[in-house]
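Report on the following structure.
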Amino acid sequence: MRVAILGMGAIGHVIARALDGRADLVKVDRTHAPLRDGESPVDAAIVTTKTPGTEWAANVAATILAPDGVALTIQNGLGNYETLVDRVGGERAAVGVIYVGAELVKGELRATGPGKMQLGRPRSERPRSKLEELAGLLREGGMEITVADDAWPAVWRKVVTNAAVNPLTALTRRTNAELLADAPASSVADSIAREVARVATATGVPIEESEAVTQWRSMAALTGANRSSMLQDVEAGRPTEIDAISGAVAREGERRGVAAPLNQSMTLLVSALARRD
């Protein structure tokens, strides 16, 4: 199977490690053309960029993906799938989430483990078979993979964790465990998680508020030593994913008539922090 990884940051390296020796890998970043003249298209394109790179990655996927291939986004936040659908079509687009603590330190991958992924099947039969084949290869590489017809419950639960953890760790410069241990900060995270649950429920993905609190707290405990990707971005002076996480929750809430003032505040604060740093 020929697989393109679009974005060779920490998550791209996690995927590449799992597929090494199991797939014909095409590792793509912004420094070179995705395919040389005469190269065959790819069976699967996995979008692993941060959300500021989604437009670029979706455009690349549209140019290199086989007609019966699958384009999969496992990015944080909301809105990435819709961009991918716009470029490759809904029949070939798929969405999923990945859980792994990962960081590149001087080009070397440091990860908490092989990772866990929850994937949603695309609409069309042939791309579905490609996704199942890809899932099998990732399992062989040590990852825990589940595939379902509807990935949106998994996406929204990941948004719960990202919205509760990432902005606060970026603002306080703390690890996940340190955030969890700080009573005032973790109380704010609880309230953020409840907001996300209310917005998700309004979109048709029911999440109990108590479930949302348990979700972020359990994930923070499992990845206690992890420095969130947003904290890493702030420290490195890179653009953050705040708009696709907290900002997207606030906008979706506004569309649905559900107030999300804490997520809006996190969006403004992290944006101000990024400009200052």
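For the sequence shown, the numbering used here assigns the number 9 to the initial residue and increments by one for each residue that follows. Even glycine gets a Cβ: it sits at the ideal position worked out from N, Cα and C. None of the values given here were measured: they were computed from a predicted structure.
Where the alpha helix (DSSP H) containing residue i begins and where it ends
i             : result
leucine 142   : 133–148
glutamate 219 : 217–230
alanine 208   : 191–210
glutamate 111 : Not the alpha helix (DSSP H): glutamate 111 falls in the beta strand (DSSP E), residues 110–113.
glycine 20    : 18–27
valine 257    : 256–264
Alpha carbon of residue i to alpha carbon of residue j, nearest angstrom
i              : j              : result
threonine 169  : glutamine 240  : 17 Å
glycine 149    : leucine 80     : 18 Å
alanine 280    : valine 242     : 11 Å
valine 50      : leucine 188    : 42 Å
glutamate 63   : isoleucine 72  : 15 Å
glutamate 152  : valine 108     : 11 Å
alanine 70     : proline 247    : 24 Å
valine 36      : alanine 24     : 11 Å
threonine 209  : serine 48      : 43 Å
asparagine 174 : valine 22      : 20 Å
methionine 125 : glycine 265    : 32 Å
leucine 117    : serine 237     : 14 Å
glutamate 260  : threonine 177  : 23 Å
arginine 147   : alanine 244    : 32 Å
arginine 131   : serine 137     : 11 Å
glycine 144    : isoleucine 82  : 16 Å
glycine 85     : aspartate 198  : 18 Å
glutamate 219  : valine 213     : 13 Å
arginine 202   : glutamate 217  : 5 Å
proline 60     : isoleucine 250 : 10 Å
threonine 211  : leucine 27     : 35 Å
valine 196     : proline 42     : 43 Å
methionine 97  : valine 103     : The identity of residue 97 in the sequence shown is glycine, whereas the question assumes methionine. When rounded, the distance between both Cα atoms is 13 Å.
Extent of the continuous beta strand (DSSP E) run through residue i
i              : result
methionine 238 : That residue, methionine 238, is in no beta strand (DSSP E); its alpha helix (DSSP H) goes 237–244.
glycine 128    : 124–128
glycine 104    : 101–107
aspartate 32   : 32–36
aspartate 251  : Counting along the chain, aspartate 251 falls outside any beta strand (DSSP E), and DSSP gives it neither H nor E.
valine 213     : It is not in any beta strand (DSSP E) - valine 213 carries neither H nor E in the DSSP assignment.
leucine 14     : 10–14
glutamate 116  : 116–119
alanine 268    : Careful: alanine 268 lies outside any beta strand (DSSP E) and carries neither H nor E.
alanine 52     : 50–55
Selection from the options that minimises the alpha carbon distance to residue i
i             : options                           : result
leucine 139   : Thr56, Gly77, His21 and Leu14     : Gly77
threonine 56  : Ala159, Gly17 and Val108          : Gly17
leucine 33    : Glu219, Thr39 and Met9            : Met9
alanine 101   : Ala110, Ala159, Leu146 and Leu112 : Ala159
glycine 4     : Val11, Glu262 and Asn234          : Because the chain is modelled from 9 through 285, residue 4 falls outside the range shown and cannot be assessed.
arginine 288  : Arg283, Ala110, Val163 and Ala74  : The displayed coordinates of the chain run from 9 to 285. Any statement about residue 288 would go beyond what the structure contains.
glutamate 141 : Ser194, Glu217, Ala31 and Gly245  : Ala31
glutamate 111 : Val221, Val105 and Ala119         : Ala119
arginine 206  : Ser194, Ala193, Arg165 and Leu230 : Arg165
alanine 191   : Pro161, Arg225 and Ala171         : Arg225
glycine 20    : Pro122, Ala193 and Glu186         : Pro122
Nearest-angstrom Cβ-Cβ length linking residue i and residue j, presumed shorter than 8 Å
i              : j              : result
aspartate 157  : glycine 115    : No, aspartate 157 and glycine 115 are not in contact; Cβ-Cβ is about 38 Å, not under 8 Å.
isoleucine 215 : asparagine 271 : The Cβ separation is near 14 Å, so there is no contact.
alanine 66     : arginine 95    : 4 Å
alanine 268    : valine 257     : 5 Å
valine 163     : valine 204     : Their Cβ separation, rounded to whole angstroms, is 11 Å, which puts valine 163 and valine 204 out of contact at 8 Å.
asparagine 88  : alanine 252    : 7 Å
threonine 180  : alanine 233    : About 16 Å separates the two Cβ atoms, so there is no contact after all.
leucine 14     : isoleucine 54  : 7 Å
Chain B contact for residue i (CB, 8 Å cutoff)
i             : result
threonine 154 : The chain labelled as chain B is not found in the depicted structure, where only one protein chain is given.
In chain order, which beta strand (DSSP E) runs of at least 3 residues are fully inside the segment 63–99?
73–81
Within the segment 152–181, note down every full beta strand (DSSP E) run reaching 3 residues or more, in order along the chain.
152–156
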